[in-house]
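Colleague: Numbering (the numbering used here), first residue to last: -17 to 210.
The beta-carbon is built from N, C-alpha and C at its ideal position, and this holds for glycine as well.
Right, I'll just put the structure down here and ask away after.
Quick look at the structure:
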């Protein structure tokens, strides 16, 4: 059960940091969203076994990213969220360009790292291209759905609204990205897709209380600052 225990710990760490940054500062949130956008495209290459399924190890970071964006929309407004999304896209594309330039540098005869870099970053052109396309579609869906839910709930039940919008957007994300980015790269694509949905559902269940607490922390922080 080591992987399963680490999986739960990973969820708590990613969502916890995201909720803290979202409540504290928009710049910190944008930096965290950019980091998640980059590492989820690297960590998706690692395959692990969770509850008997062979899956990738990046679903937690996807949930963390979209939970951050929903926090940004709730705390900082629509226009600020668009800026966070734009920063994360620019960071991801910059990472793609820099890794490809690094890979094409001719190694010295004594270099032993090139093969390892190729194993990590050679597939990244396809994966990040697929990720950018998928993310643009899914972030648009999440942005619209979350806005619609916020309007019709009159700003209440933030944790539930966030969970519902992320659940819908990530169902779409799983299908699109699995075929565009992972087809032919992973051993068992149906297993990856099925457990990706299950792991994202588990992550959402754990994330929702953290996201709700982030709003409580944000409101309390603003109230304290108003006294000074």
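So what's residue 33 in DSSP terms, helix, strand or just coil?
Modeller: Taking the first residue of the chain shown as position 1, residue 33 is located at position 51. Looking at residue 33 - three-state DSSP - the assignment turns out to be coil, as it is neither helix nor strand.
Colleague: Can you check which of these residues, 123, 21, 39, 23, is closest to residue 29 by C-alpha distance?
Modeller: Residue numbering aside, residue 29 sits at position 47 when the chain shown is read from its first letter. If we check each option's Cα against that of residue 29, 39 comes out closest.
Colleague: Pull up the distance between the alpha-carbon of residue 180 and that of residue 90, whole angstroms please.
Modeller: The count along the chain shown starts at 1 and reaches residue 180 at position 198. The count along the chain shown starts at 1 and reaches residue 90 at position 108. One C-alpha to the other measures close to 45 Å.
Colleague: Determine the direct distance from the alpha carbon of residue 47 to that of residue 32, and round the result to whole angstroms.
Modeller: If you number the chain shown from 1, residue 32 lands on position 50. If you number the chain shown from 1, residue 47 lands on position 65. Cα to Cα, residue 32 sits roughly 22 Å from residue 47.
Colleague: Taking the C-alpha atoms as reference points, what is the distance between residue 109 and residue 162?
Modeller: The residue you call residue 109 lines up with position 127 of the chain shown. The residue you call residue 162 lines up with position 180 of the chain shown. Taking the straight line joining both Cα atoms gives about 8 Å.
Colleague: Whole angstroms are fine: how far does the CA of residue 100 sit from the CA of residue 82?
Modeller: Looking up residue 82 in the chain shown gives position 100. Looking up residue 100 in the chain shown gives position 118. Taking the straight line from one Cα to the other gives about 10 Å.
Colleague: Alpha carbon to alpha carbon, how far is residue 97 from residue 85?
Modeller: For the purposes of this step, residue 97 is taken as the residue at position 115 of the chain shown. For the purposes of this step, residue 85 is taken as the residue at position 103 of the chain shown. C-alpha separation (whole angstroms): 10 Å.
Colleague: If you measure between the beta carbons of residue 1 and residue 195, is that distance less than 8 Å?
Modeller: On the chain shown, residue 1 is found 19 positions in, with the first residue counted as 1. On the chain shown, residue 195 is found 213 positions in, with the first residue counted as 1. Taking 8 Å as the Cβ cut-off, residue 1 and residue 195 qualify as a contacting pair.
Colleague: Once the 5 residues before and after residue 41 are set aside, which same chain residues still bring their CB inside 6 Å of it?
Modeller: One-based indexing of the chain shown puts residue 41 at position 59. Counting only Cβ-Cβ distances below 6 Å, and skipping sequence neighbours, we find 178, 181, 182.
Colleague: Would you call the segment 57 to 67 and the segment -9 to 11 touching, i.e. three or more CB-CB distances under 8 Å?
Modeller: The segment 57 to 67, when compared against the segment -9 to 11, does touch it at the 8 Å Cβ threshold.
Colleague: Based on Cα-Cα distance, which residue from 111, 6, -13 lies nearest to residue 159?
Modeller: Locating residue 159 in the chain shown gives position 177, counting from the first residue. Of the candidates 111, 6, -13, the one whose C-alpha sits nearest the C-alpha of residue 159 is 111.
Colleague: Please classify residue 118 as buried or exposed, where buried requires at least 16 other C-beta atoms within 10 Å of its C-beta.
Modeller: Taking the first residue of the chain shown as 1, we reach residue 118 at position 136. Counting Cβ neighbours within 10 Å, residue 118 comes out exposed, since fewer than 16 surround it.
Colleague: For residue 50, count the other beta carbons within 10 Å of its own beta carbon; 16 or more makes it buried, fewer makes it exposed. Which is it?
Modeller: Taking the first residue of the chain shown as 1, we reach residue 50 at position 68. Looking at its Cβ environment, which holds 16 or more other Cβ atoms inside 10 Å, residue 50 is buried.
Colleague: Flag this pair as yes or no: are the beta carbons of residue 124 and residue 151 separated by less than 8 Å?
Modeller: Here residue 124 refers to the residue found at position 142 when the chain shown is read from its first residue. Here residue 151 refers to the residue found at position 169 when the chain shown is read from its first residue. Taking 8 Å as the Cβ cut-off, residue 124 and residue 151 qualify as a contacting pair.
Colleague: Between 74, 135, 175, 187, which has its C-alpha nearest residue 56's C-alpha?
Modeller: Locating residue 56 in the chain shown gives position 74, counting from the first residue. It is 135.
Colleague: Assuming residue 107 contacts residue 148 under a Cβ cut-off of 8 Å, what Cβ separation, rounded to an integer in Å, is found between them?
Modeller: In the chain shown, the residue the question calls residue 107 occupies position 125. In the chain shown, the residue the question calls residue 148 occupies position 166. Contact flag wrong, Cβ pair sits at about 27 Å.
Colleague: Among all the DSSP beta bridges, which residues are the ones paired with residue 38?
Modeller: As a position in the chain shown, residue 38 is number 56, starting the count at 1. Residue 38 pairs with 29.
Colleague: Quick check: the Cα distance between residue -2 and residue 144, rounded to an integer number of angstroms?
Modeller: As a first step, residue -2 must be located in the chain shown, where it is residue number 16. As a first step, residue 144 must be located in the chain shown, where it is residue number 162. So the alpha carbons of these two residues sit roughly 15 Å apart.
Colleague: By how many angstroms is the C-alpha of residue 156 removed from the C-alpha of residue 176?
Modeller: Position 194 of the chain shown holds residue 176. Position 174 of the chain shown holds residue 156. Distance between the alpha carbons of residue 176 and residue 156 is about 9 Å.
Colleague: Would you say residue 73 and residue 19 are within 8 Å of each other, going by their C-beta atoms?
Modeller: By 1-based counting over the chain shown, the position of residue 73 is 91. By 1-based counting over the chain shown, the position of residue 19 is 37. Contact flag set, yes.
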